[in-house]
Amino acid sequence: MRVLVTGAAGFIGSHLSHRLLARGDQVLGYDNLDPYYDPALKQARLDRLEPLPGFEFVKAALQDRVALEATFASFHPERVVNLAAQAGVRYSLENPRAYIDSNIVGFLNVLEACRHAQVEHLVYASSSSVYGANRKLPFCVEDSVDHPVSLYAATKKSNELMAHTYSHLFGLATTGLRFFTVYGPWGRPDMALFLFTRKILAGEPIDVFNHGRHSRDFTYIDDIVEGVVRTLDRVPGPDPDYDPMAPTPASSSAPYRVYNIGNHRRVELLRYIEVLEQCLGCKAERRLLPLQPGDVPDTWSDVASLQRDTGYAPSTPIEVGVEHFVDWYRGYYQS
Numbered sequence: 054m055r056v057l058v059t060g061a062a063g064f065i066g067s068h069l070s071h072r073l074l075a076r077g078d079q080v081l082g083y084d085n086l087d088p089y090y091d092p093a094l095k096q097a098r099l100d101r102l103e104p105l106p107g108f109e110f111v112k113a114a115l116q117d118r119v120a121l122e123a124t125f126a127s128f129h130p131e132r133v134v135n136l137a138a139q140a141g142v143r144y145s146l147e148n149p150r151a152y153i154d155s156n157i158v159g160f161l162n163v164l165e166a167c168r169h170a171q172v173e174h175l176v177y178a179s180s181s182s183v184y185g186a187n188r189k190l191p192f193c194v195e196d197s198v199d200h201p202v203s204l205y206a207a208t209k210k211s212n213e214l215m216a217h218t219y220s221h222l223f224g225l226a227t228t229g230l231r232f233f234t235v236y237g238p239w240g241r242p243d244m245a246l247f248l249f250t251r252k253i254l255a256g257e258p259i260d261v262f263n264h265g266r267h268s269r270d271f272t273y274i275d276d277i278v279e280g281v282v283r284t285l286d287r288v289p290g291p292d293p294d295y296d297p298m299a300p301t302p303a304s305s306s307a308p309y310r311v312y313n314i315g316n317h318r319r320v321e322l323l324r325y326i327e328v329l330e331q332c333l334g335c336k337a338e339r340r341l342l343p344l345q346p347g348d349v350p351d352t353w354s355d356v357a358s359l360q361r362d363t364g365y366a367p368s369t370p371i372e373v374g375v376e377h378f379v380d381w382y383r384g385y386y387q388s
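The sequence shown maps to residues 54 to 388 in our numbering.
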């Protein structure tokens with residue numbers, strides 16, 4: 054297939070591009086190498102992709118409608134995976150306009166381009182953050198998600214609503230994936246595992262928010278990519294079980310789906326740190342702090358619908374995944 058991957062220099066996007074190329078797809082990566090975190094890491098990911106047969110790259114932002122439309126016109130993608138976004142819950146408290154520009158205006162441009170290019174299937178990144186103030190665990194796609202606690206979460210919920218509108222009005226097949234705490238080699242420097250590793254190796258204390266009492270559904274990158282590919286290959290149609298008298302956020306009479314994509318396991322942050330200490334061979338000095346604004350105490354994904362529809366079966370325990378990350382980190386940073 055001809056697949057356009059936005060955010061191809063990002064963590065998930067670069068891994069996904071490798072996987073699609075390995076199976077013989079043609080991939081056009083689209084990324085603006087935003088300096089939200091170290092652009093050198095993004096460029097290093099891209100440097101591994103650019104020599105591969107079947108890969109092309111365009112450097113531009115989703116907000117650049119002219120560049121995006123020109124990319125669609127020249128590449129003629131059959132399917133699109135939109136992973137480009139302004140990421141980060143905490144940063145959304147400091148720079149809210151960046152989230153509107155990238156995650157709302159940029160996503161509208163993607164929807165319009167897909168509509169006019171008659172793309173077969175748009176898969177896009179949502180987030181576990183949409184569950185916001187929900188406390189019922191595990192988080193289920195049938196649950197209401199109307200109480201976000203960060204603007205980042207609000208933009209991701211908005212993406213789901215926008216996608217549904219285009220599925221309903223124009224028959225554009227869309228699938229939203231609510232990612233749960235993705236980690237692994239080539240990961241994001243603003244995520245806990247990366248921050249903890251850097252500070253522990255430097256002999257600096259690590260900030261452990263909520264006194265380490267919260268938990269996350271940590272999901273290894275290979276499991277995530279497997280789920281994205283399986284989803285991309287399954288173009289949704291109208292849900293035959295959809296009941297307009299009892300609607301849920303997960304499905305529709307339009308060609309629209311939303312899934313959780315996680316490990317379906319809860320791990321306490323303190324246990325995560327213990328595993329990291331074992332892999333690094335040294336102890337962390339922990340600075341215990343209260344929960345940060347915009348954060349939630351726990352996440353835990355119910356992936357039953359994704360398993361049912363695609364056969365998705367995450368299989369990487371944190372003991373294996375964290376060790377793979379540490380091996381990559383030591384090699385990449387020579388530490």
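Here a beta-carbon is modelled for each residue, glycine too, at the ideal position from N, C-alpha and C. Being a predicted model, the structure only gives us computed values, none of them experimental.
Given 8 Å, three or more beta-carbon pairs between the region 96-110 and the region 64-71: Contact holds: three or more Cβ-Cβ distances are below 8 Å.
Candidates Tyr219, Ala120, Ala93, Val142, of which the one nearest Tyr385 by Cα: Nearest C-alpha to Tyr385: Ala93.
Nearest-angstrom Cα separation, counted from Thr369 out to Thr220: Residue identity differs from the one stated: residue 220 is Ser in this sequence, not Thr. Going from the Cα of Ser220 to the Cα of Thr369 covers about 34 Å.
Limits of the unbroken alpha helix (DSSP H) element including Asn212: Here the alpha helix (DSSP H) through Asn212 covers 204-223.
Between the CA atoms of Ala303 and Gln116 - distance to the nearest angstrom: Distance from the CA of Gln116 to the CA of Ala303, rounded to the nearest whole angstrom, comes to 28 Å.
Closest by C-alpha distance to Arg241, when choosing among Met54, Val288, Asp87, Gly77: Here the closest residue by C-alpha is Asp87.
Three-pair Cβ contact test at 8 Å for the region 280-294 versus the region 237-252: Cβ pair count under 8 Å is below three, so no.
Every unbroken alpha helix (DSSP H) within the region 117-160, with a cutoff of 4 residues, ordered by chain: List check, alpha helix (DSSP H) in window: 118-128, 144-147, 149-152.
Separation of Tyr382 from Tyr144, as counted between CA atoms: Taking the straight line from one Cα to the other gives about 24 Å.
Residues near Ala337 by beta carbon distance below 8 Å, same chain, minus five either side: Only Phe249, Lys252, Ile253, Pro258, Ile259, Ile326, Leu329, Glu330 meet the Cβ criterion.
Inter-stretch contact (C-beta, 8 Å, three-pair minimum) for the region 212-227 and the region 345-352: As far as the Cβ criterion goes, the region 212-227 does not touch the region 345-352, which means the pair count is below three.
Terminal residues of the beta strand (DSSP E) in which Gln79 lies: Judged by DSSP secondary structure, Gln79 falls within the beta strand (DSSP E) whose first and last residues are 79-84.
Secondary structure of Asp196, DSSP reduced to three states: Residue state, collapsed to three classes: coil.
Counted within 10 angstroms of its Cβ, other Cβ atoms place Ala75 as buried (16 or more) or exposed: Exposed.
Distance, Pro130 Cα to Ser197 Cα: C-alpha separation (whole angstroms): 33 Å.
With 16 other Cβ atoms within 10 Å as the buried cut-off, status of Ser388: Residue environment: Ser388 is assigned as exposed (fewer than 16 neighbouring CB atoms within 10 Å of its CB, all protein chains considered).
Nearest neighbour of Gly107, chosen from Ser70, Leu164, Ala138, Val311 [CA to CA]: Cα-wise, what sits closest to Gly107 is Ser70.
Reference Leu161; option with closest CA among Arg118, Asn316, Gln360: When only C-alpha atoms are compared, the closest one is Arg118.
Continuous beta strand (DSSP E) assignments of at least 3 residues falling wholly in the region 247-281: List check, beta strand (DSSP E) in window: 259-262.
Terminal residues of the alpha helix (DSSP H) in which His174 lies: Run containing His174: none in the alpha helix (DSSP H); it sits in the beta strand (DSSP E), 174-180.
Arg266 to Phe378 span [Cα, whole Å]: Arg266 and Phe378 have their C-alpha atoms roughly 23 Å apart.
Reduced DSSP category for Val356 - H, G, I as helix; E, B as strand; rest coil: When DSSP states are grouped into helix, strand and coil, Val356 belongs to the coil group.
Candidates Glu103, Phe110, Val133, of which the one nearest Asp390 by Cα: In the structure displayed, the chain extends from 54 to 388; residue 390 sits before or after that span and is not available.
In DSSP terms, what Tyr309 is bridged to: Partner(s): Thr227.
Backbone secondary structure at Tyr385 - three-state DSSP: If DSSP states are grouped into helix, strand and coil, Tyr385 belongs with the helices.
For Phe110, the three-state DSSP class (helix, strand or coil): Phe110 carries a strand assignment under DSSP once its states are collapsed to helix, strand and coil.
Among Leu204, Phe271, Leu323, Gly280, the one whose alpha carbon lies nearest that of His264: Among Leu204, Phe271, Leu323, Gly280, the Cα nearest to that of His264 belongs to Leu323.
Which listed residue (Glu109, Thr234, Leu164) has its alpha carbon closest to that of Ala140: Among Glu109, Thr234, Leu164, the Cα nearest to that of Ala140 is on Thr234.
Distance CB(Thr363)-CB(Asn316) smaller than 8 Å: Not closer than 8 Å, so no.
Ser358 to Tyr184 span [Cα, whole Å]: Spanning the two alpha carbons is a distance of roughly 17 Å.
Arg324, enclosing alpha helix (DSSP H) - first and last residue: Element bounds for Arg324: 322-333.
Buried or exposed by the 16-neighbour rule on C-beta atoms within 10 Å, applied to Val137: Correcting the residue identity first, residue 137 is Ala in this sequence and not Val. Ala137 should be labelled buried.
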